[in-house]
Amino acid sequence: MGYILLFLIGFGLAVSGGVTIILYLNFIPGGLSWLNYFLFMKGRLECYFFPIGLLLLIIAIHKYPE
1 MGYILLFLIG
11 FGLAVSGGVT
21 IILYLNFIPG
31 GLSWLNYFLF
41 MKGRLECYFF
51 PIGLLLLIIA
61 IHKYPE
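For the sequence shown, position 40 matches number 40 in full-length UniProt numbering, and the numbering has no gaps at all.
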């Protein structure tokens with residue numbers, strides 16, 4: 001049961017972070033360069049949810065008993 005909960009938490013974080021990253025892509029047509037975009041994302045906490053969520057997903061999938 002613990003690995004299923006870990007999987008769901010990881011999925012939620014990955015979705016939240018991915019949507020945020022896609023949402024911030026709207027700054028590119030507004031005149032922001034790619035370098036400034038990545039520097040902006042580096043300072044936003046919610047953009048780190050995507051890699052953390054993926055890591056939790058990978059752990060849950062590999063540790064889940066078959």
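Glycine included, C-beta positions come from ideal geometry on N, C-alpha and C.
Problem - Cα-Cα separation, GLY31 to LEU8 - result: Taking the CA atoms as reference points, GLY31 sits about 37 Å from LEU8.
Practice task
Would you mind reading off the limits of the alpha helix (DSSP H) that contains SER16?
Solution key: Start and end: 2–24.
Problem - DSSP state of GLY43 mapped onto helix, strand, coil - result: In the three-state reduction of the DSSP assignment, GLY43 falls in the coil class, being assigned neither a helical nor a strand state.
Handout entry: Contacts around LYS45, its chain only, beta-carbon distance under 6 Å, and the 5 residues preceding and following it disregarded
Key = Per the sequence shown, residue 45 should be read as Leu rather than Lys. Counting only Cβ-Cβ distances below 6 Å, and skipping sequence neighbours, we find nothing.
Exercise for the section: Find the nearest neighbour of VAL19 within the set CYS47, ILE61, MET1, judged by alpha-carbon distance. Expected result: That would be CYS47, whose Cα lies nearest to the Cα of VAL19.
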